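> The structure's right below; bear with me while I get my questions together.
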Amino acid sequence: MRLHVINPNTSRDMTYSIEQIATANVSGETEVLTTCPAHGPASIESYYDEYLAIPHVLAEVQRTEAMTDGYVLACWGDPGLDAVREVTTRPVVGIAEASMYAANAIAPRWSVVTTLRRSHHMVEAIVKKTGLMERCASIRCVDMPVLACEANPDAVMEELVHMGELALSEDGAEAIILGCAGMGGMADYLSEELGAPCVDPVAAGVRFAELLVNLNLQTSKWLTYQFPEKKAFK
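Put into structure tokens, the structure is as follows:
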């Protein structure tokens, strides 16, 4: 099995970190290809960033489809998830969806701890789209940019612990979801500090993608995710 894990931003340092987490969390027989687009935003922290990134994500998918069994979009915004599902028959997993499904299986309510405060509404929209808002106890923000996860991980971890404690003690959460691919690799330490489960979204994403491939499930082309009609572009 070969999975293509796509970091939708152009940070090679972050892509390398994602690759390490993905490789460590797949089965021994699974090969992981981890890439990022050559063009696009350095990080995705706004709707503007997201929409700029999506065409380049689609290009990455189409470039490797012939040699890929499944895709993982390694950004908690799941940018372009529905569009990617339209252009391939392979299963496509967004790490936001996968991490929420994982948290749902281990806790009655959970909280997402993400990066900037401005991302709060974007995260809330993803939770609502997935139909899991009733299970979401809260959305907490460390109010640090995505790339700080690479540049200043100790400061990010300190804020993650603080926000995780608030989510558990004040919001009614019983598990924590890390709401950024850049926070990958911090889940085990955070879980130990908090005494509650913490879901690494990249790990959840690759494991869920493996499951779909092993079940021989492909993206449905019955209606919604049919291939787009070919059109003239100017």
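If you read the sequence shown in my numbering, its first letter stands for residue 399, the second for the next number, and so on. All C-beta atoms, glycine included, are put in the ideal place defined by N, C-alpha and C. This structure is a prediction, so every number in the text was calculated from the model and none was measured.
#1: In or out: T432 buried (at least 16 other Cβ within 10 Å) or exposed?
#2: Would T513 pass as a contact of C596 if the rule is Cβ separation under 8 Å?
#3: Check each candidate in F606, W620, I452 and name the one with the smallest Cα separation from S425.
#4: Return helix, strand or coil for R538, following the three-state DSSP convention.
#5: My guess is that V511 and M561 are in contact by the Cβ rule of under 8 Å, so how many angstroms apart are they, rounded?
#6: Answer with buried or exposed for H402, where buried requires no fewer than 16 other C-beta atoms within 10 angstroms of its C-beta.
#7: I believe V470 touches V554 by the beta-carbon criterion, under 8 Å. Please report the beta-carbon distance rounded to the nearest angstrom.
#8: Determine, using beta carbons only, whether M581 and L558 come nearer to each other than 8 Å.
#9: How is R507 classed by DSSP in three states: helix, strand or coil?
#10: If you reduce the DSSP assignment to three classes, tell me which class E429 lands in.
#11: Can you tell me which of the three DSSP states I404 falls into?
#12: Can you round the beta-carbon distance between F625 and E484 to whole angstroms, since I take them to be within the 8 Å contact cut?
#13: Look at the alpha carbon of T486 and the alpha carbon of E463, and state the distance between them as a whole number of angstroms.
#14: Could you say if the region 439-446 and the region 500-511 meet the contact criterion of at least three C-beta pairs nearer than 8 Å?
#15: What are the start and end residues of the beta strand (DSSP E) that includes Y449?
#16: Would the beta-carbon of D476 fall within 8 Å of that of A494?
#17: Give the range of the alpha helix (DSSP H) segment to which G562 is assigned.
#18: What does a CB cutoff of less than 8 Å around C539 pick up in its chain, not counting 5 residues either side in sequence?
#19: Could you give the residue range of the alpha helix (DSSP H) that holds M471?
Here's the rundown:
#1: Position 34 of the sequence shown, counted from the start, is the residue given in the question as residue 432. Buried.
#2: For this step, residue 513 is matched to residue 115 along the sequence shown. For this step, residue 596 is matched to residue 198 along the sequence shown. Not closer than 8 Å, so no.
#3: In the sequence shown, counting from the first residue as 1, residue 425 sits at position 27. Of the listed residues, the one whose Cα sits closest to S425 is F606.
#4: Counted from its first residue, the sequence shown places residue 538 at position 140. DSSP places R538 in strand when its eight states are reduced to three.
#5: Along the sequence shown, one-based indexing puts residue 511 at 113. Along the sequence shown, one-based indexing puts residue 561 at 163. 5 Å between Cβ atoms; contact.
#6: On the sequence shown, residue 402 is found 4 positions in, with the first residue counted as 1. Counting Cβ neighbours within 10 Å, H402 comes out buried, since at least 16 surround it.
#7: Start at 1 with the first residue of the sequence shown, and residue 470 comes out as number 72. Start at 1 with the first residue of the sequence shown, and residue 554 comes out as number 156. Not quite, the Cβ-Cβ distance comes to about 22 Å (not below 8 Å), so this is no contact.
#8: Counted from its first residue, the sequence shown places residue 581 at position 183. Counted from its first residue, the sequence shown places residue 558 at position 160. Against a cut-off of 8 Å, the Cβ pair of L558 and M581 comes out as a contact.
#9: Position 109 of the sequence shown, counted from the start, is the residue given in the question as residue 507. Coil, per DSSP.
#10: For the purposes of this step, residue 429 is taken as the residue at position 31 of the sequence shown. Looking at E429 - three-state DSSP - the assignment turns out to be strand.
#11: Reading the sequence shown from its first residue, position 6 is the one you call residue 404. Strand, per DSSP.
#12: Along the sequence shown, one-based indexing puts residue 625 at 227. Along the sequence shown, one-based indexing puts residue 484 at 86. Yes, F625 and E484 are in contact; Cβ-Cβ is about 6 Å, under 8 Å.
#13: As a first step, residue 486 is located in the sequence shown; it is residue number 88 there, counting from the start. As a first step, residue 463 is located in the sequence shown; it is residue number 65 there, counting from the start. If I take the Cα positions, the gap works out to 7 Å.
#14: no
#15: As a working mapping, residue 449 is identified with position 51 in the sequence shown. Note, Y449: premise wrong, no beta strand (DSSP E); alpha helix (DSSP H) at 445-462.
#16: As a position in the sequence shown, residue 476 is number 78, starting the count at 1. As a position in the sequence shown, residue 494 is number 96, starting the count at 1. Yes. Within cutoff.
#17: On the sequence shown, residue 562 is found 164 positions in, with the first residue counted as 1. From DSSP, the alpha helix (DSSP H) with G562 extends over 551-568.
#18: Taking the sequence shown and counting its residues from 1, the one referred to as residue 539 is at position 141. For C539, where only same-chain residues beyond five positions count, the Cβ hits under 8 Å are V511, T512, T513, L514, R515, S517, H518, M561.
#19: Taking the first residue of the sequence shown as 1, we reach residue 471 at position 73. Per the sequence shown, the amino acid found at residue 471 is Leu instead of Met. Run containing L471: none in the alpha helix (DSSP H); it sits in the beta strand (DSSP E), 468-471.
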